[in-house]
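Written out below as structure tokens is the structure these notes cover.
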Amino acid sequence: MKKHAAAVCGAAVVLAGMITSIPADASTGPAAPPTALAAKPAWKKCGTSDYPTLQCASVKVPLDHSNPYSERITIALSRVPHTAKRFQGPLLVNPGGPGGSGLKLAGFVASALPKAVAAQYDVIGFDPRGVGASKPALDCRPGHFKPVRPDTVPSTRAVERANLARARAFAEACGTKYAKLLPYLDTVSTVRDMDAIRAALGAKKINYFGYSYGTYLGAVYGKLYPQRVRRLVLDSIVDPTGVWYDDNISQDYAFNDRHLAFLAWVAKHDAAYKLGTDPAVVEAKWYAMRAALAENPAQKKVGASELEDTFIPGGYYNGYWPYLADAFASYVNDKKSDALVEAYENFGAVDASGDNGYSVYTAVQCRDAAWPRDWRQWRRDSWAVYDKAPFMAWNNAWYNAPCAFWPTDSLRPVDISNRRLPPALLFQATDDAATPYEGGVTVHHQLRGSSLVVEQGGGNHGITLSGNACLDKYLAAYLTDGRVPRGGGEADAVCKTLPDPEPLTTKAASSSSRGSTLHGLLGSRG
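If you read the sequence shown in numbering that gives the first Met the number 0, its first letter stands for residue 0, the second for the next number, and so on.
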């Protein structure tokens, strides 16, 4: 159940209004035929106990797609091959981020779909440029999240200066180590890589299934290559009108609401946690715990910032709530920190893969769009959010703050509106914190002919193949024969959300459900 909180952060997002232009260096097609660039992958067995039929390969692509004969970089691929007589082509999958590894996601998707459906596709995972097994892979500043960090809330100028120094140091380290790469780490370049993968697979069209940031990636692919899209599934949808600064602010309010939902759940289960039956009382105890850890970090590992890192994943997936509540109750009621430190190590701590994911996250988002370069704007906006939604306001600000000092200039976000795609299938939970509901509605309007399936009351991020049979029914029908629901209102179909979890009854209880597996692959901030 090991999670790494900084691996990815799916939707954060800039610019007050909709920017309707494709980046200046992005045309509607590649600079040269990708078929001339990427050789056919040489697949080798790389199965695991969970995904025994998984195969691995790689393709070479230009670092600079505007110059097809520029230096090559390597994109790592995975595949679960089709087994049915009816073959519907490659199904590329992406877990989000930017910065998420997709290699294992291919195995998960192939195993979680109905067997008859998965058998008709080559399910293809890939590590986007800079990520994981792709080469070169980024790690700008190893140990950037090593505990104990300064408190995220800059209650004094000294604390603010310490956090600013960390953000600036990260940006400078990226610029020093990867000056040659950073201008080519962006969404459009990754989309070009995807089309090179398509060409290397020998496919005229691709099917695509993306979660979180992967929805923006898929929508941009559809904008640049609409004639090469066969089917398009977007789950937990990035609002493309806020790429990327404004979407982060929207997240802050939504995560605060989701944290309050967690605290209300703890109050509901007072018999298990004994923290109070009034959510406001439970909230006060959580912030008292935070204040205590700011003064005296638990085992020199969990201060106020690390506490936030530990509980933020609960805003992505309620399957973590029982574990977080146990740690919370143990610290407050029993004055013990072991469970809290264990929760931090499981949900909040960052290892080398997390360092890599965060490096790519910042590289792509800071390059994708313009960010405020005047720190005074960040300060004003963050304090304004904090006054109403304190849970993640400053944590999220510092997570993205390297973009205020980023060493490359910025591109322009892509207007993903599209009238040329086949019907796309969209999934969105009404209470999703990482990609708030409005983003799903916006993209539904922008992709003509798309259908939106809503999980009413759902708060998890990444909702298909996570145990909701109603949602999965629509996904399976679409991948089988392209059928989409047609409603007529804001949503074309509505599914009820799954019940919230129950408290752990024994320490032997596990989180081995499909939902937990999926969210482990999506990452705790993606």
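For glycine and all other residues, C-beta sits at the position ideal for the given N, C-alpha and C.
Thinking C-alpha only, which one of the options is nearest residue i?
i: L91; options: T52, G131, R197, P61; result: R197
i: P389; options: D49, D63, E437, L259; result: L259
i: I74; options: F86, T434, A41; result: A41
i: P51; options: N295, V79, N66; result: V79
i: F144; options: T214, G88, G356; result: G356
i: S515; options: T47, Y316, E501; result: Y316
i: Y477; options: D491, I236, L424; result: L424
i: G466; options: Y473, Q445, S512; result: S512
i: V147; options: L521, G347, A351; result: G347
i: D63; options: V493, E171, R191, W377; result: R191
i: T463; options: V440, K495, G438, R447; result: K495
i: L410; options: P182, G46, K176, E344; result: P182
i: P113; options: V483, T479, P498, V493; result: T479
i: V219; options: S235, T189, K204, Y244; result: T189
i: T186; options: H518, F86, W393, D414; result: D414
i: Y436; options: P97, L231, S235; result: S235
i: S257; options: E282, V158, C55; result: Reading off the sequence, residue 257 comes out as Arg, not Ser. Nearest of E282, V158, C55 to R257, Cα basis: E282.
i: A111; options: C45, D471, W377; result: D471
i: V453; options: R372, Q445, V440, H444; result: V440
i: T504; options: P321, S57, D49, C139; result: P321
i: S416; options: N395, G438, A396; result: G438
i: G448; options: W393, V232, P406, K273; result: V232
i: K387; options: F254, R375, A164; result: F254
i: S336; options: A351, L76, H268, L306; result: L306
i: A369; options: V349, D408, K334; result: D408
i: Q376; options: A396, R366, M391; result: A396
i: M193; options: V60, Y212, D325, K284; result: V60
i: L497; options: P484, C469, V58; result: C469
i: T175; options: W405, E294, G124, P371; result: W405
i: L163; options: K84, W393, L53; result: W393
i: A324; options: W285, S304, H81, S352; result: W285
i: G519; options: A56, P67, G95, L76; result: G95
i: L242; options: C139, P97, V483; result: Correcting the residue type first, residue 242 is Val in the shown sequence and not Leu. Closest by alpha carbon: P97.
i: G101; options: L76, S381, V58; result: L76
i: A37; options: R71, L53, K273, C139; result: R71
Please list the terminal residues of the continuous beta strand (DSSP E) segment that includes residue i.
i: T73; result: 71-79
i: V232; result: 228-234
I'd like to confirm the pairing. Which residues does DSSP put opposite residue i in its beta bridges?
i: K44; result: Q54
i: V453; result: Q427, V493
i: I205; result: V228
i: V301; result: A297
i: Y210; result: D234
i: L446; result: N417
i: V60; result: I72
Return the first residue and the last residue of the alpha helix (DSSP H) that residue i is part of.
i: N394; result: 392-399
i: L91; result: Unbroken run through L91 is the beta strand (DSSP E), 89-93; no alpha helix (DSSP H).
i: N162; result: 156-176
i: L521; result: 513-521
i: T186; result: 186-199
i: I248; result: 244-267
i: A351; result: 351-367
i: S409; result: First-last for S409: undefined, no H or E at that position.
i: V384; result: 374-387
i: G314; result: 312-315
i: K479; result: It should be pointed out that residue 479 corresponds to Thr in this sequence rather than to Lys. Here the alpha helix (DSSP H) through T479 covers 468-480.
Three CB pairs or more closer than 8 angstroms across the stretch 387-403 and the stretch 203-218: no
The stretch 95-114 in contact with the stretch 148-156 per 3-pair CB rule at 8 angstroms: no
Given 8 angstroms, three or more beta-carbon pairs between the stretch 128-138 and the stretch 350-367: yes
Alpha helix (DSSP H) runs wholly inside the stretch 95-145, at least 4 long, in chain order: 102-111, 114-117
Three CB pairs or more closer than 8 angstroms across the stretch 428-437 and the stretch 454-472: yes
Three or more C-beta pairs below 8 angstroms linking the stretch 322-329 and the stretch 106-122: no
At least three beta-carbon pairs within less than 8 angstroms, the stretch 280-293 to the stretch 481-499: no
Alpha helix (DSSP H) runs wholly inside the stretch 318-346, at least 4 long, in chain order: 320-333, 337-342
Three or more C-beta pairs below 8 angstroms linking the stretch 309-323 and the stretch 247-263: yes
Three-pair Cβ contact test at 8 angstroms for the stretch 293-300 versus the stretch 333-351: yes
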